[in-house]
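Visitor: Submitted below is the structure of interest, expressed as structure tokens.
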Amino acid sequence: MSLDTLYREQIMDHYKNPRNNGKLEECSFKITDTNPFCGDEIEMFVKMQDKKISGIKFTGKGCAISQAAASMLTEFIKDKTLEEVEALSREDVIEMLGIEIGAVRVKCAMLSLVALKNGINKYREEPR
Amino acid sequence: MKQLNVEKIRKDFKILNSTANGKQLIYLDNAATTQKPKQVITATKKFYETTNANVHRGIYKISEEATKQYENAHATIAKLINAKPEEIIFTKNATESLNLLAYTLCSGLKESDEILLTQMEHHSNLVPWQQNAKKLGLKVKYAEINKDGTLNIESFKSLLHSNTKIVSVTHVSNFLGTINPVEELAKLAHAIGALFIVDASQSVPHMPVNAKKINCDFLAFSGHKMLGPTGIGVLYGKKDLLEKLPPFLFGGDMIKEVTFEDTKWNELPWKFEAGTPNIAEAIGIAKAAKYLEKTGLDKIQQYEAELTAYALKRMEEIPDITIYGPTADKRGAIISFNINGVHAHDIAAVLDEENIAIRAGHHCAMPLAKLLGVTGTARASFYFYNTKKEIDHFTETLKKAKEFFK
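Top to bottom, those sequences are chains A and B.
Per the numbering used here, the first sequence starts with residue 319, numbered consecutively.
Per the numbering used here, the second sequence starts with residue 18, numbered consecutively.
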């Protein structure tokens, strides 16, 4: 495997120009998570409207895989329902990235989805 | 001093010849664990094939032979660090050795007593003290580090006072590579009546370590970082102190006499070795110690110092690199670094494509990483089977990584 297969052009593009990067001043919920293994950090902001995700932003520090996965995920989940996000699996994220990924780096790839699902759980528990 | 014959040494480590995608393994994660020579692997295998039996139990030949080999392993490790065999306790690893100390020593302290550590401790020499202190109302203080990653001796001195009962310090930092002046620190600690403990996980494998000369009260290290098997570690303690210390784990083998009401403890070191020990691993660590002694720890230290100085020089050629820790003369064979624009994890992944193994992360020292203002670093750590040629390939690949992420 070469570097170009490990870091496909699309991953490098999302890493260098992350989509939906930043913060939402007004959001329905936000969540932070870290990956202590390599020190990846992520904060996600979600705005709901008519039971769908109308706005999403994220900020974070981390390796190319974790940041690109977050960028791709935010693009993918816009206008989706929370149930649709909860149905996403590890395989879906790996498919999105389009690369083979080892057992350790899966944690980087999954950071944003895991954070988002935790955020959804908390959001559901909150009284409104 | 005669040079090491590294080409010959490498033949003892079969794994160094392994390849992935046609690329030979370059193993630069020796601070995490070292590779094992065939002599160590053969010794443990031979034990299982010829004399496997429990120790201190059977009145039959192979059990007596197992007992003899297990007890001899204590003597071999004692010789390595200039101690008495009864001062050597086998544990699972340095972490367990330090936990043993934290639990047993802290139980004898009173509220407002203090424990002095440094800001560069591995979690294994921090969390056990911190948690026991919380439980018992003790205070933990941390001596500061200087900008260059060396210990700030003035800070260390200023935190030592009559309430300080325990001082526990790493000999060589697994993060910064810093070699601490443990002999000097022992004198300072003893001057105010504190016990002095050394975490020698990163020193015993790489240099001559003399527990008597350091004059530490206790010293801990792991077998797997010094060519030995996993699952075996060492706690050295001065005999009179170990005799006074209560046992940590209770059960078989650590007892002399048990009634329904009470128990008398076995003699040293068995008082601290409850249950069936890691017999094969003890034989393995003894073989590893003999391998190191035969190779010559002074020669190993000199060779690794040259290798580390060479690596530092080559790494400084890389644009936007930050190297943490002190200059080569104050450093063990460990180099933590970051390259601006390439996350440590990506550095490790790019190196892995060349079958070069390094570590990326916080290196089990999260408070130190935070202090340095980083979420993690990449870390290359060497052993005496590594070569300058390997370091050349490592640094060339770092340049490639920087170029790729430009």
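Note that beta-carbon positions come from the ideal geometry of N, C-alpha and C, so glycine has one too.
For a test of the three-state rule: what should DSSP assign to I408/B, helix, strand or coil?
Guide: Of the three classes helix, strand and coil, the one that applies to I408/B here is helix, per DSSP.
Visitor: Within the same chain, show all residues whose beta-carbon is closer than 8 Å to that of L434/A, passing over the 5 residues directly before and after it, in chain order.
Guide: I349, M362, V364, L391, I395 and V403, listed in sequence order.
Visitor: Compare the Cα-Cα distances from S346/A to each of L400/A, P336/A, V432/A and K334/A and report the closest residue.
Guide: When only C-alpha atoms are compared, the closest one is L400/A.
Visitor: Determine, using beta-carbon pairs with one atom in the region 322-339 of chain A and one in the region 378-385 of chain A, whether at least three such pairs fall under 8 Å.
Guide: Yes, the region 322-339 of chain A is in contact with the region 378-385 of chain A.
Visitor: Pick from N403/B, F421/B, H379/B and K406/B: whose alpha carbon is nearest that of L193/B?
Guide: Here the closest residue by C-alpha is H379/B.
Visitor: One question on the structure: do A395/B and A361/B come within less than 9 Å of each other, judged by their Cβ atoms?
Guide: Closer than 9 Å, so yes.
Visitor: Ignore the nearest five residues each way along the sequence and tell me which others in T121/B's own chain have a CB closer than 6 Å to its CB.
Guide: Hits under 6 Å: L262, P263 and F265.
Visitor: With a cut-off of 8 Å on the beta carbons, I'd call E103/B and P294/B a contact; round off their distance for me.
Guide: That pair is no contact at about 15 Å.
Visitor: Please report the distance separating the alpha-carbon of K235/B from that of S220/B.
Guide: According to the sequence displayed, residue 235/B carries Phe and not Lys. Approximately 14 Å between the Cα atoms of the pair.
Visitor: Would you list, in sequence order, the uninterrupted beta strand (DSSP E) runs of no fewer than 3 residues that lie entirely inside the region 203-242 of chain B?
Guide: As far as the region 203-242 of chain B is concerned, its whole beta strand (DSSP E) runs of at least 3 residues are 212-216 and 235-239.
Visitor: Can you give me the start and stop residues for the beta strand (DSSP E) that R376/B sits inside?
Guide: Here the beta strand (DSSP E) through R376/B covers R376 to G378.
Visitor: When you compare the CB of S320/A with every CB in chain D, is at least one pair closer than 9 Å?
Guide: No chain D appears in the structure shown, which is made up of the protein chains A and B.
Visitor: Quick one: grab the DSSP three-state call for F10/B.
Guide: Because chain B here runs from 18 to 423, residue 10/B falls outside it and cannot be looked at.
Visitor: Under 6 Å Cβ to Cβ from K281/B, same chain only, skipping five residues before and after it: list those, please.
Guide: Answer for K281/B: K273 and E274, listed in chain order.
Visitor: Span of the alpha helix (DSSP H) holding I364/B?
Guide: I364/B -> alpha helix (DSSP H) spans A361 to E370.
Visitor: Determine the direct distance from the alpha carbon of H73/B to that of S129/B, and round the result to whole angstroms.
Guide: In a straight line, the C-alpha of S129/B is about 42 Å away from that of H73/B.
Visitor: Quick check on T50/B - is its C-beta less than 9 Å from some C-beta in chain A?
Guide: Answer no: the Cβ-Cβ gap between T50/B and chain A never drops below 9 Å.
Visitor: Just curious, the alpha helix (DSSP H) that D315/B is in, first and last residue?
Guide: Run containing D315/B: L314 to M332, per the alpha helix (DSSP H) assignment.
Visitor: Pull up the distance between the alpha-carbon of D369/B and that of K156/B, whole angstroms please.
Guide: So the alpha carbons of these two residues sit roughly 43 Å apart.
Visitor: Is E393/A close to chain B? Criterion is C-beta to C-beta, closer than 9 Å.
Guide: Not one chain B Cβ lies under 9 Å of E393/A.
Visitor: So what's R396/B in DSSP terms, helix, strand or just coil?
Guide: In the structure shown, R396/B sits in a strand (DSSP, three-state: E or B).
Visitor: Can you name the residues of chain A whose CB is closer than 7 Å to the CB of G39/B?
Guide: Chain A residues near G39/B: none, gap ~12 Å exceeds 7 Å.
Visitor: Using the C-alpha atoms, what's the distance from K347/B back to K330/B?
Guide: Cα to Cα, K330/B sits roughly 15 Å from K347/B.
Visitor: Rounded to whole angstroms, how far is the Cβ of A374/B from the Cβ of I43/B, which I believe are closer than 8 Å?
Guide: Right, their Cβ atoms sit about 7 Å apart.
Visitor: Can you confirm whether C426/A, when its beta carbon is compared against all beta carbons of chain B, has any partner nearer than 9 Å?
Guide: Cβ-Cβ to chain B under 9 Å: yes for C426/A.
Visitor: Among H91/B, L259/B, N372/B and A377/B, which has the Cα closest to the Cα of L321/A?
Guide: Checked all of H91/B, L259/B, N372/B and A377/B; the closest Cα to L321/A is N372/B.
Visitor: Taking 9 Å as the threshold (beta carbon to beta carbon), is G357/A in contact with chain B?
Guide: Cβ-Cβ to chain B under 9 Å: yes for G357/A.
Visitor: Do T187/B and T50/B come within 9 Å of each other at the CB atom, strictly closer than that value?
Guide: Contact: no.
Visitor: Is the Cβ of G380/A closer than 9 Å to any Cβ of chain B?
Guide: Cβ-Cβ to chain B under 9 Å: yes for G380/A.
Visitor: Could you work out which residue in E278/B, I105/B and I94/B is closest to L258/B when comparing CA atoms only?
Guide: Among E278/B, I105/B and I94/B, the Cα nearest to that of L258/B belongs to I105/B.
Visitor: Give the interface partners of L324/A over in chain B, defined as CB-CB distance under 7 Å, in chain order.
Guide: In chain order: A366 and E370.
Visitor: Between I412/A and the rest of its own chain, which residues show a CB-CB distance below 6 Å, the 5 nearest in sequence each way excluded?
Guide: So the list reads I419, once near-sequence residues are dropped.
Visitor: Suppose contacts are defined by Cβ-Cβ distances below 9 Å. Is L143/B in contact with C123/B by that definition?
Guide: No; because the gap between Cβ atoms is not below 9 Å, this pair is not in contact.
Visitor: Among the residues of its own chain, which have a CB less than 8 Å from the CB of E444/A, if the five just before and after it don't count?
Guide: So the qualifying residues of the chain are F347.
Visitor: State buried or exposed for T68/B, treating a residue as buried only when at least 16 other CB atoms are found within 10 Å of its CB.
Guide: Burial call: buried.
Visitor: Suppose contacts are defined by Cβ-Cβ distances below 9 Å. Is L176/B in contact with A150/B by that definition?
Guide: No, Cβ-Cβ distance for L176/B and A150/B is not below 9 Å.
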